[in-house]
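Presented below is the structure to which this report refers.
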Amino acid sequence: QVGGMMGGLGGVMNTMVTRFQNTTTGIASTEQVGVSKVVNVGQTAAETVGFAKNLSVGKEYTVQVGDRMLVQVGTELKIVVGQSELIMDKDGNVTILGANFNFTASGPVRINGKVIDLNLPGGAA
């Protein structure tokens with residue numbers, strides 16, 4: 027405990043490192059923040075996870091990118107919102123599942139394919 031008595035109101039701890047800081051933990055590390063956490067990086071940030079990473083957000087998650095964003099996935103990317111799904115796999119298959127589809131374009135709509143099947147007999151529609 028820093029800056030306060032056990033069970034009382036905590037204090038403040040400030041650490042200033044003018045050049046480099048490195049922390050190495052042999053087995054595991056945890057961090058718990060009661061209300062808010064802010065991280066500011068002046069130029070570049072990198073994170074590498076060897077096996078799995080989980081992120082859980084209670085209400086809203088926002089990503090803002092100035093120019094470009096690249097998401098690379100090895101086998102399958104799946105986005106699920108309620109009854110709607112967008113699935114893309116490494117073989118080039120793209121599956122969109124949903125109750126209703128609404129397409130709006132201010133310009134031409136082009137669909138190109140070797141064969142385009144609409145309302146196939148025995149289809150789910």
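So in our numbering, spot 123 of the sequence shown is number 149, and the numbers just go up one at a time. Beta carbons: idealized from backbone N, C-alpha and C, even for Gly. Given the structure is predicted, the values throughout are model-derived calculations rather than measurements.
Hey, would you say Leu103 sits closer than 7 Å to Met95, going by beta carbons?
No.
Output the boundary residues of the beta strand (DSSP E) element that contains Glu102.
Glu102 to Val107
Alpha carbon to alpha carbon, what distance is there between Val107 and Val64?
28 Å
Please tell me whether Thr101 and Lys116 are closer than 7 Å, where the distance is taken between their beta carbons.
yes
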